[in-house]
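Undergrad: My questions will all concern the structure given below.
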Amino acid sequence: AACLLLLAGLIALSLGSEFVPRLSEGAVVIGLIRMPGTSLEESTHLNTQMERLLRQRFPDEIEHVWSRAGAPEVATDAGSVEETDMFITLKPRERWTATNKDGKPLTTQDELVAQMEKTVEDIPGQIAAFTQPIEQRINEMISGSRADIALKLYGEDFETLVAKARELEKVLRGVDGCADLAHKQIAGLPILRVRLKQDQIARYGVPAQAVLDLIESLGGKVVGNIIEGQLPFPFLVRLPEASRQSPESIRAIPVSTASGERIPLSRLADVEVKPGPKIIFREQSKRYLTVQCNVRGRDMGGFVAEARQKIDEQVKLPDGYHLEWGGQFENMERAQKRLMIVVPAALMMIVVLLFLTYRNVVDTMFVFASVPFACIGGVLTLWARAMPISVSAAVGFITLSGVSVLNGMILVSFLRNLLNEGLSPWEAVEKSCRTCLRTVLMTALVASVGFIPMATSSGMGAEVQRPLATVVIGGVFTSTLFTLFVLPVLYLFGRSSAPAVPH
């Protein structure tokens, strides 16, 4: 039993961790990020092409598909015309007919998402990230990102942020399990940049302010207010549309010099179109850029641990720059901190209640010993089903603690009564094991069989139930073996040196 306990401890360290299992919502959201400057018409055209492609490829899996580009008039969603959310409602799984590369029918939403990803990955000029409606909103509320992992890089210099974000992307791409990798598109927006030529302004005797006023009138220069009743409205002067259609027309705008000569603006200023910042994100008065990705095929805790190690080794940040991890990983860390308080508190309450019941340290520790041995089965069943430790599994271990103690209490309570009647420890152990066998097995069967439907369920929401049920079923099995075989032996050795049981 001690060797099994040690083995289970080693296996538990290799299981990995995650916040909660990914819940299949019966719907998929494809987050599309296109090149900065993409027009709304082009986004709409590409969205329609993708919708038709997906409907043709998965006619028996997709119920509805529709897209939403940009941001609403009420600022409830941060977006732009280059960003699109494509919502896909799925049909019931029993109606699916798509197959994988081995010719076997798809049975899970993750397999279907993998097929969809292959279908749209060859469409150029965009980055596609697959998630789910509720999951997407929760991630946005947590970290402002729509992915499982949000790596926020804080700093001041715009170009340094972009350069370091590309280094982080390169490192994350080499970590096993990384999917839908992208960073927030904060650069690439075409900006008209006008720089005055100070020497030419002085040569022609044109005041710099006159040129600046002309440039400002491209968008509209306020020259006064119009009063209507009690409300003032700004009065703007704007150049004609023909003069501001293109950089060439702007360069040809005539400017009067001190001698009365009219020269084009291009002689007094450099007019060019260059890529500039599309949006600048700030948090707590600091600029930041988000690198985001989803985790597939492995646990989130192991992914972040490996990514952190590689980033520390390969990415050197300048002074004043730092990283923060967010997304579902942030929730997982928060939950782990709370479980570090809740689990010991629950175990301590069990010990206190047992002591108040038996008024004996030896009996209390014998009964409580069933808790770690029950965890052996929980860990082994998680390992056998390739499930990481999550909040659901942790709740299962807490539930298992109460169930395992109940079996031990049945046996120890009967043992104490037999010892009080004057039987020797060996006779009391032999008689109690035979008498309590049915009771212990009935308690174990009720606790384990009742969880079998949860452990084998494949419907919506089953992803959260399966780890909890798996832990309880496996733990009850090893707890029962401990109660029937190990606990009597411990009790014989313990009672040989323990004081008499009080009446």
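Residue numbers (this note's numbering): 21 to 523.
Beta carbons: idealized from backbone N, C-alpha and C, even for Gly.
These numbers come from a predicted model, not from an experiment.
1) How would you label LEU285, buried or exposed, when you count the other beta carbons within 10 angstroms and need 16 or more for buried?
2) What would DSSP say about TYR511, mapped onto helix, strand or coil?
3) With DSSP collapsed to three states, give me the class of GLY51.
4) Do GLN129 and SER34 have their CB atoms nearer than 8 Å?
5) In or out: LEU30 buried (at least 16 other Cβ within 10 Å) or exposed?
6) Between the C-alpha atoms of THR117 and GLU131, what's the straight-line distance to the nearest angstrom?
7) Between the C-alpha atoms of ALA202 and CYS313, what's the straight-line distance to the nearest angstrom?
8) Near LEU359, which residues of its chain fall below 7 Å by C-beta distance, leaving aside the five closest residues on each side in sequence?
9) Report the option in ALA32, MET136, PHE39 and ALA28 whose CA atom is closest to the CA atom of GLY346.
10) So for PRO364, helix, strand or coil by DSSP?
11) Is the distance from the Cβ of ALA394 to the Cβ of GLY495 below 8 Å?
12) When burial is assigned at 16 or more other CB atoms within 10 Å of the CB, is ASN437 buried or exposed?
13) According to DSSP, is GLN304 helix, strand or coil?
14) Cα separation between GLN265 and ARG72?
15) By Cβ distance below 7 Å, which residues in the same chain neighbour HIS84 in space, the five residues on each side in sequence not counted?
16) With distance defined between alpha-carbon atoms, name the residue in ALA89, ARG354, PHE107 and SER59 nearest to ALA47.
17) Can you tell me the Cα-Cα spacing of VAL242 and PRO254, whole angstroms?
18) Alpha carbon to alpha carbon, how far is ALA91 from GLU103?
19) Note down the Cα distance separating ALA355 from GLY36, rounded to an integer number of angstroms.
20) Apart from the five residues on each side of it in sequence, which residues of its chain come closer than 6 Å, Cβ to Cβ, to LEU256?
TA: Quick look at the numbers:
1) Residue numbering aside, residue 285 sits at position 265 when the sequence shown is read from its first letter. The residue is buried, with at least 16 neighbouring Cβ atoms inside 10 Å.
2) Along the sequence shown, one-based indexing puts residue 511 at 491. It is helical.
3) Position 31 of the sequence shown holds residue 51. Of the three classes helix, strand and coil, the one that applies to GLY51 here is strand, per DSSP.
4) Within the sequence shown, residue 129 is the residue found at index 109, counting from 1. Within the sequence shown, residue 34 is the residue found at index 14, counting from 1. Contact: no.
5) Within the sequence shown, the letter at position 10 stands for residue 30. By the neighbour-count rule (16 or more Cβ atoms within 10 Å), LEU30 is not buried but exposed.
6) Start at 1 with the first residue of the sequence shown, and residue 117 comes out as number 97. Start at 1 with the first residue of the sequence shown, and residue 131 comes out as number 111. Each residue's alpha carbon lies about 12 Å from the other.
7) By one-based count along the sequence shown, residue 202 stands at place 182. By one-based count along the sequence shown, residue 313 stands at place 293. C-alpha separation (whole angstroms): 6 Å.
8) The sequence position of residue 359 within the sequence shown is 339, counting from 1. So the list reads ALA414, once near-sequence residues are dropped.
9) The residue labelled residue 346 in the question sits at position 326 within the sequence shown. Ranking the options by Cα distance to GLY346, first place goes to PHE39.
10) Within the sequence shown, the letter at position 344 stands for residue 364. If DSSP states are grouped into helix, strand and coil, PRO364 belongs with the helices.
11) By 1-based counting over the sequence shown, the position of residue 394 is 374. By 1-based counting over the sequence shown, the position of residue 495 is 475. Yes, Cβ-Cβ distance for ALA394 and GLY495 is below 8 Å.
12) The residue you call residue 437 lines up with position 417 of the sequence shown. So ASN437 counts as exposed.
13) Locating residue 304 in the sequence shown gives position 284, counting from the first residue. In the structure shown, GLN304 sits in coil (DSSP, three-state: anything other than H, G, I, E or B).
14) Walking along the sequence shown from the start, residue 265 turns up at place 245. Walking along the sequence shown from the start, residue 72 turns up at place 52. The straight-line gap from Cα to Cα measures roughly 36 Å.
15) Here residue 84 is taken as the residue at index 64 of the sequence shown, counted from 1. Once the five neighbours on either side are set aside, the close Cβ partners of HIS84 are THR109.
16) In the sequence shown, counting from the first residue as 1, residue 47 sits at position 27. Among ALA89, ARG354, PHE107 and SER59, the Cα nearest to that of ALA47 belongs to PHE107.
17) Residue mapping note: residue 242 aligns to position 222 of the sequence shown, counting from 1. Residue mapping note: residue 254 aligns to position 234 of the sequence shown, counting from 1. Distance between the alpha carbons of VAL242 and PRO254: 6 Å.
18) Counting from 1 along the sequence shown, the entry for residue 91 is found at position 71. Counting from 1 along the sequence shown, the entry for residue 103 is found at position 83. So the two alpha carbons sit approximately 9 Å from each other.
19) Numbered from 1 along the sequence shown, position 335 holds the residue referred to as residue 355. Numbered from 1 along the sequence shown, position 16 holds the residue referred to as residue 36. Looking at the two C-alpha atoms, the distance is approximately 15 Å.
20) Sequence index remark: in the sequence shown, residue 256 carries index 236 (1-based). Within the same chain, LEU256 has close Cβ partners GLY240 and VAL242.
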